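Engineer: Got a structure for you, questions after.
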Amino acid sequence: MASKRPSFLRELLSQTGAALQFCCILHCFHEHILDVTICIGPSMLPTFNVEGDVVLVEFYTTKMQKLKNGDVIVAKSPTNPKQTVCKRICGMPGDVVTVQPSHSFASIKHHVVPEGHVWLQGDNLANSTDSRAYGAVPLALIRGRVFYKVWPMKEAGRIGTTRPSYDS
Amino acid sequence: MASKRPSFLRELLSQTGAALQFCCILHCFHEHILDVTICIGPSMLPTFNVEGDVVLVEFYTTKMQKLKNGDVIVAKSPTNPKQTVCKRICGMPGDVVTVQPSHSFASIKHHVVPEGHVWLQGDNLANSTDSRAYGAVPLALIRGRVFYKVWPMKEAGRMEQHGLHTIHSSSSPPFRGGRIILALAQHFYDPRCESKQKKAMRDDPAADDDDDAGREAQ
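Top to bottom, those sequences are chains R and D. Just so we're aligned: the first sequence equals residues 1 to 168 in the numbering used here. Just so we're aligned: the second sequence equals residues 169 to 386 in the numbering used here.
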């Protein structure tokens, strides 16, 4: 028994070490290369469903600073550091964004997007808390770009850079 | 030769794999546990020197959301995503920060720090681009908290929480609730200001008990 116990501890430690190594590599992969995530909520209708869509997020565009208007991105929420939001970029640094409120014709606001910031808006403008509420968002909060929808499979495909519009 | 070449490639691949594993573990360590970094620049004088000080950054306080006023933090710059800044937290969500410009008595500004944001200021108010320029900073930009200075060794030690220049003014800003923190935007040479600043930097803040100066009310 005395010869078995130290090897059991050693086995446990080596398995824990291997598991930690694997977790670190996996963490680095889904933080810096490719991530699979779920976008839930009504703010990106009709691009994403309310119940949740599985999407792929890439980090190359963000790191190379090649984001542009129309990209759907995943960012950390400016109002709650533990939350992530999925919105579309509607203004790059230097752009002038004009926000027209729906129930008052007297307060049209013009915002100049400052340096290092972007203007985010959900595709479902009627039910989306975005830059119209919390202002331009620093680029450093953006984690990555959503480029492909995986689930549901009948809607799978690349995510385009134009906001779908209702043409009746 | 044919028997040596595949084993050389295999050796190379296994060494590259081991190096990648090591880099991933090291990256996770200095992103989430402890980091050693250099703070360069005049914006945090006299806490940090201009030439650069080596400091230790911990990430537990940020992750557990236990940051408070007076913490020196490292954050990503809101104006340049590739840059990191080292500033001190001078206002938590809900606080009212009053900024007095130095060369105009007519435009005192009061800022309410919104939810999920903090107000950052460098200790060297005369030469620091901070929240007085770019506004309150989202908490999600903050990477970690500076808790120990390693180099130069004669200044090594834990970071203290003094350096907040708080003055309880008699005229209250038009807001109710929250803590009121007065921040001097810039000060030119004024022997009265300079003596207060020098005292606050050198000694314990408790010694700085002039008639209208005091420690930050906690």
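Idealized CB from N, CA, C, for every residue including glycine. Remember, predicted model here, so these are calculated numbers, not experimental data.
#1: Give a yes or no on whether 8 Å exceeds the smallest Cβ distance from TYR148 (chain R) to chain D.
#2: Give a yes or no on whether the C-beta atoms belonging to THR61 (chain R) and ARG145 (chain R) are separated by under 8 Å.
#3: Hey, THR229 (chain D) and ARG313 (chain D): beta-carbon distance below 8 Å or not?
#4: In whole angstroms, give me the CA-to-CA distance for MET44 (chain R) and ASP123 (chain R).
#5: Do PRO164 (chain R) and THR47 (chain R) have their beta-carbon atoms positioned less than 8 Å apart in this structure?
#6: What are the start and end residues of the alpha helix (DSSP H) that includes ALA294 (chain D)?
#7: Does any CB atom of chain R fall closer than 8 Å to the CB of HIS195 (chain D)?
#8: Can we count ASN124 (chain R) as close to the ligand ATP, meaning its CB is less than 7 Å from some heavy atom?
#9: Is the separation between the beta-carbon of PHE176 (chain D) and that of ILE201 (chain D) shorter than 8 Å?
#10: May I have the straight-line CA-CA distance separating ASN217 (chain D) from LYS317 (chain D), to the nearest angstrom?
#11: Which residues of chain D have a Cβ atom closer than 7 Å to the Cβ of ILE25 (chain R), listed in chain order?
#12: Using the rule of at least 16 other Cβ atoms within 10 Å of the residue's Cβ for burial, across every protein chain shown, is ILE241 (chain D) buried or exposed?
#13: Which residue comes first and which comes last in the alpha helix (DSSP H) that contains THR230 (chain D)?
#14: Can you tell me whether DSSP reads LEU20 (chain R) as helix, strand or coil?
#15: Indicate whether at least one CB of chain D lies closer than 8 Å to the CB of CYS28 (chain R).
#16: Helix, strand or coil: how does DSSP classify GLY389 (chain D) here?
#17: Strictly under 8 Å for the Cβ-Cβ distance: is THR184 (chain D) near chain R by that measure?
#18: For SER299 (chain D), would you say it is in contact with chain R, using Cβ-to-Cβ distances shorter than 8 Å as the test?
#19: From which residue to which residue does the alpha helix (DSSP H) around THR62 (chain R) run?
#20: Report the neighbours of LEU181 (chain D) on chain R: residues whose CB is nearer than 8 Å to its CB, in chain order.
#21: Is the CB-CB distance between MET425 (chain D) and LYS277 (chain D) below 8 Å?
#22: I'd like to confirm the pairing. Which residues does DSSP put opposite GLY284 (chain D) in its beta bridges?
#23: Look at the Cβ atom of ALA55 (chain R), then the Cβ atom of TYR148 (chain R), and state whether they are nearer than 8 Å.
#24: Using a Cβ cut-off of 8 Å, pull out every chain B residue sitting near GLY116 (chain R), in sequence order please.
#25: Under 8 Å, Cβ to Cβ, is there at least one residue of chain R near GLY284 (chain D)?
#26: With 8 Å as the threshold, decide whether the Cβ of LEU235 (chain D) is near any Cβ in chain R.
#27: Secondary structure at GLN251 (chain D), three-state DSSP: helix, strand or coil?
#28: Taking only beta-carbon atoms, is LYS68 (chain R) less than 8 Å away from chain D?
#29: Quick check: what's the CA-CA separation for ALA75 (chain R) versus PHE59 (chain R)?
#30: Classify GLN183 (chain D): buried if its beta carbon has 16 or more other beta carbons within 10 angstroms, exposed otherwise.
#31: In whole angstroms, what is the alpha-carbon distance linking THR252 (chain D) and VAL50 (chain R)?
#32: Using beta carbons (cut-off 8 Å, strictly below), is ALA140 (chain R) in contact with chain D?
#33: How many angstroms separate the CA atom of PHE190 (chain D) from the CA atom of PRO269 (chain D)?
#34: Show which residues of chain D have a CB atom less than 9 Å away from the CB atom of SER77 (chain R).
#35: With a CB to CB cut of under 6 Å and the five nearest residues on each side skipped, what residues in its chain are close to ASP35 (chain R)?
#36: Spatial neighbours of GLU328 (chain D) within its chain, please: CB distance less than 8 Å, with the 5 preceding and 5 following residues excluded, ordered by chain position.
Structural biologist: The answer reads as follows:
#1: no
#2: yes
#3: yes
#4: 5 Å
#5: yes
#6: No alpha helix (DSSP H) contains ALA294 (chain D), which DSSP labels as neither H nor E.
#7: yes
#8: Of ligands this structure carries none, so the ligand ATP is not represented either.
#9: no
#10: 11 Å
#11: GLN189, CYS192
#12: buried
#13: 228-231
#14: helix
#15: yes
#16: Lying outside 169 to 386, the shown extent of chain D, residue 389 (chain D) is not represented and no answer is given.
#17: no
#18: no
#19: 60-63
#20: None at all; the shortest Cβ gap to chain R is about 16 Å.
#21: Outside the modelled stretch of chain D, which goes from 169 to 386, sits residue 425 (chain D), for which no answer is possible.
#22: According to DSSP, which records beta bridges pairwise, GLY284 (chain D) is partnered with nothing at all.
#23: As written in the sequence, residue 55 (chain R) is Val, which differs from the Ala given in the question. A contact, by the Cβ cut-off of 8 Å.
#24: The structure shown contains no chain B; the protein chains it does contain are R and D.
#25: yes
#26: no
#27: coil
#28: no
#29: 11 Å
#30: exposed
#31: 36 Å
#32: yes
#33: 50 Å
#34: GLY284, PRO306, ALA308
#35: VAL57
#36: none
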